[in-house]
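Protein chains in written order, with my numbering: chain A, 79 to 355; chain B, 79 to 355. Scroll down for the structure; my scribbles are underneath it.
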């Protein structure tokens, strides 16, 4: 990590000193939530969506944020000024706190970090390859700290010559560990899983995009529909819309970024450029 | 936590200062393993079983312990001497390490803590009540840090007037978050789930107990068999054998510690007393 300021429980500390006591429930029991957004040219992108999800995650996991949304925004403003990194990622983590018995929820610890992040506002036409794996994320509508399966699968993903993993469960396609997954079918429908997935902020904003040539919908779809997809892509805060050109070693469409994917990416990036002003 | 020494990465530090940098993969992604055993009168109980499982967990999760079993035992000896707490619990935690990108496995961090723990070597005849909940632990044969569901369910357990939760999945009974679960049936069979559960050290030692009046076996069993159980109990390092007297508000057997449960508890406690010498 770079040397810059980290916010921990009402204090700014240098990142080299930023630590939590080992009684914290993230270290003891993997318990906590986070959210992750970016700034471009000092402007936070989709901040309201991220904060809304952060408070939803905290509430669902019985964690008290301890600040109103306005107070949290002030802290973020202060951090941005102190660090002065215009193009950056910001992660707000809320853990289960210092548990005296190593098990019971205590006053949450909040940690806010900022890292340089430079993104090109254009589509990567090369795309990526995915490999599927059967897994259902637990408490899937919450952005928890649980990436046990994702990190455990890293050697498997590498062995399979893929860039990331796509989870499926009970025959239905779900999501990637850090991104949502979309297909385009022969009816010009753009589809992403509806149930038991994390509702990503880019996913939400892609679902709102309008174009005369296709419609974007959320509904569950199965492995057969994936097989027949004409295009596929993932969405995430750092990837925006990134084409998926192959799954399990089999090419999707013509193995390049599809035309619907490109049009959606253009619309999304327009939206983001608008926020930068 | 008490003020005593904690071992972190080749150093002993006072527990009040024992911390990990926030880039650790337990804080970032909930990634790590641990094991937990006890000493009575300064004697570690079932130590070989715990160390065997710890190395199994580390290996499965792509984590290098960094010490041989003999080296780890020397460190444990030194910690026991430094802290001088004859009746204690010891927890060895191994995390995914300080990840520069917050995602990729690095050199693991090892943390060993010791806490006072005073156990009575006799059965608790009062027993406990459980409530069932559908859940399958991920990577279930590994003692990971993942207790997301367990801690999330604490308010539910309390609302239901229960002491702990019993997981089931696909119609089969599994385990409790920190203990294995056994039933006794009308044929004097003592049964614990075979697949997709953590293989507890007390569970393993109970499976080895011999008695002319009953046999102890591992095989999967369903909710119907649970309904018809004449006795039930849980096993864990801190509970040994603890009777379960009710599930989902319905009494098991006569609502007291059963005779088979008591006989098994006697045999187990004999074994433990033998280790204390």
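All C-beta atoms in this analysis are idealised placements derived from N, C-alpha and C, irrespective of residue type, glycine included. Quantities reported herein were computed from a predicted structural model and do not represent experimental measurements.
*Which residue comes first and which comes last in the beta strand (DSSP E) that contains residue 92 of chain A?*
Taken as a continuous stretch (DSSP letters only), the beta strand (DSSP E) holding residue 92 of chain A covers 89-92.
*Could you tell me which of B:234, B:220 and B:167 sits nearest to residue 132 of chain B, measuring between CA atoms?*
Nearest option by C-alpha distance: B:220.
*Taking residue 318 of chain B as part of the beta strand (DSSP E), name the residues at either end of that continuous run.*
First-last of the beta strand (DSSP E) with residue 318 of chain B: 318-325.
*Could you give the residue range of the beta strand (DSSP E) that holds residue 97 of chain B?*
Where residue 97 of chain B is concerned, the enclosing beta strand (DSSP E) stretches over 97-99.
*What is the rounded straight-line gap between the Cα of residue 136 of chain A and the Cα of residue 227 of chain A?*
Going by the C-alpha atoms only, they are around 22 Å apart.
*Using the Cα positions of residue 266 of chain B and residue 291 of chain B, report the straight-line distance between them to the nearest angstrom.*
Whole-angstrom Cα-Cα distance: 7 Å.
*Any beta-carbon of chain B closer than 8 Å to the one on residue 191 of chain A?*
At least one chain B Cβ lies under 8 Å of residue 191 of chain A.
*What residues are listed by DSSP as bridge partners for residue 122 of chain B?*
Residue 122 of chain B has B:117 as its beta-bridge partners, per DSSP.
*residue 106 of chain A to residue 263 of chain B, Cα distance in whole Å?*
Approximately 36 Å, taken between the alpha carbons.
*Would you verify that the beta carbon of residue 227 of chain A is, or is not, closer than 8 Å to some beta carbon of chain B?*
Yes, because at least one Cβ of chain B sits closer than 8 Å to the Cβ of residue 227 of chain A.
_Among A:208, A:319, A:148 and A:238, nearest to residue 251 of chain A - alpha-carbon criterion_ = The shortest C-alpha to C-alpha distance from residue 251 of chain A to any of A:208, A:319, A:148 and A:238 is the one to A:208.
*Flag this pair as yes or no: are the beta carbons of residue 223 of chain B and residue 108 of chain A separated by less than 8 Å?*
In this structure, residue 223 of chain B places its C-beta atom within 8 Å of the C-beta atom of residue 108 of chain A.
*Name the residue from A:297, A:268 and A:124 whose alpha carbon lies nearest to the alpha carbon of residue 280 of chain A.*
When each option's Cα is compared against that of residue 280 of chain A, the closest is A:124.
*In three-state DSSP terms, what is residue 139 of chain A?*
Coil.
*Is it true that the CB of residue 163 of chain B sits closer than 8 Å to the CB of residue 181 of chain A?*
Between residue 181 of chain A and residue 163 of chain B, the C-beta spacing is not below 8 Å.
*asked:* Following a CB-centred definition, is residue 308 of chain A positioned closer than 7 Å to any heavy atom of the ligand PLP?
replied: The ligand content of the structure shown is nil, which means the ligand PLP is not present either.
*asked:* Considering Cα atoms alone, identify which of A:355, A:317 and A:326 is closest to residue 199 of chain A.
replied: Taking the Cα of residue 199 of chain A as reference, the smallest distance to any Cα among A:355, A:317 and A:326 is reached at A:317.
*Using a beta-carbon distance below 8 Å, is residue 98 of chain B in contact with chain A?*
Chain A, which has a Cβ nearer than 8 Å to the Cβ of residue 98 of chain B, makes this yes.
*Look up residue 302 of chain B in the DSSP assignment and say whether it is helix, strand or coil.*
The answer is helix: DSSP assigns residue 302 of chain B an H, G or I state.
*Taking one C-beta from the stretch 268-286 of chain B and one from the stretch 304-317 of chain B each time, how about it: are there three or more such pairs within less than 8 Å?*
A contact between stretches requires three or more CB pairs, one per stretch, nearer than 8 Å, and the stretch 268-286 of chain B meets this requirement with the stretch 304-317 of chain B.
*Can you list, in chain order, the residues of the stretch 96-124 of chain B whose Cβ is nearer than 8 Å to any Cβ on chain A?*
Per Cβ criterion, the list reads 96, 97, 98, 99, 100, 101, 102, 103, 104, 105, 106, 107, 108, 109 and 110.
_From the DSSP secondary-structure annotation, give me the bridge partner or partners of residue 430 of chain A._
Absent from the model: residue 430 of chain A. The displayed extent of chain A is 79 to 355, so no value can be given.
*By Cβ distance, which residues of its chain are closer than 6 Å to residue 309 of chain A, with the 5 residues on each side in sequence left out?*
Here the set comprises 262, 331, 336, 338 and 339.
*Using three-state DSSP, classify residue 289 of chain B as helix, strand or coil.*
The three-state reading of DSSP puts residue 289 of chain B in strand, counting E and B together.
*For the beta strand (DSSP E) holding residue 314 of chain A, just list the boundary residues, first then last.*
Counted as a single uninterrupted DSSP element, the beta strand (DSSP E) harbouring residue 314 of chain A occupies residues 309-314.
*Using a cut-off of 8 Å between C-beta atoms, extract the partners of residue 216 of chain A located in chain B.*
Under the 8 Å cutoff, chain B gives 213, 216, 226 and 227.
_List, from N- to C-terminal side, the alpha helix (DSSP H) runs of 4 residues or more that fit wholly inside the stretch 234-258 of chain A._
Here no run is fully enclosed.
*Using only alpha-carbon positions, find the residue among A:273, A:269, A:257 and A:236 that is nearest to residue 247 of chain A.*
In terms of CA proximity to residue 247 of chain A, A:273 leads the group A:273, A:269, A:257 and A:236.
_Looking only at its chain, what residues have a beta carbon closer than 6 Å to the beta carbon of residue 119 of chain A, apart from the 5 residues adjacent to it on each side?_
Cβ neighbours of residue 119 of chain A beyond the five flanking positions: 164 and 354.
*Contact set for residue 167 of chain B: own chain, Cβ-Cβ below 6 Å, skip 5 residues either direction*: Closer than 6 Å at the Cβ level, and outside the excluded window around residue 167 of chain B, lie 116, 193 and 195.
*Which of the three DSSP states, helix, strand or coil, is assigned to residue 232 of chain A?*
DSSP places residue 232 of chain A in helix when its eight states are reduced to three.
*Examine the Cβ distances between the stretch 146-165 of chain B and the stretch 95-105 of chain B and report whether three or more of them are shorter than 8 Å.*
Here the stretch 146-165 of chain B makes no contact with the stretch 95-105 of chain B; the two share fewer than three CB pairs at distances below 8 Å.
*Whole-angstrom distance between residue 190 of chain B and residue 79 of chain B, CA atom to CA atom*: At residue 79 of chain B, the pLDDT of 47 sits below 50, so the modelled position is not reliable; the number obtained from the coordinates is stated separately. C-alpha separation (whole angstroms): 13 Å.
*Alpha carbon to alpha carbon, what distance is there between residue 140 of chain A and residue 234 of chain B?*
The C-alpha of residue 140 of chain A is placed about 11 Å away from the C-alpha of residue 234 of chain B.
_Limits of the unbroken beta strand (DSSP E) element including residue 268 of chain B_ = Counting along the chain, residue 268 of chain B sits inside the beta strand (DSSP E) bounded by residues 267-270.
*Collapsed DSSP secondary structure at residue 196 of chain A in the structure displayed*: Reduced to three states, the DSSP call for residue 196 of chain A is coil.
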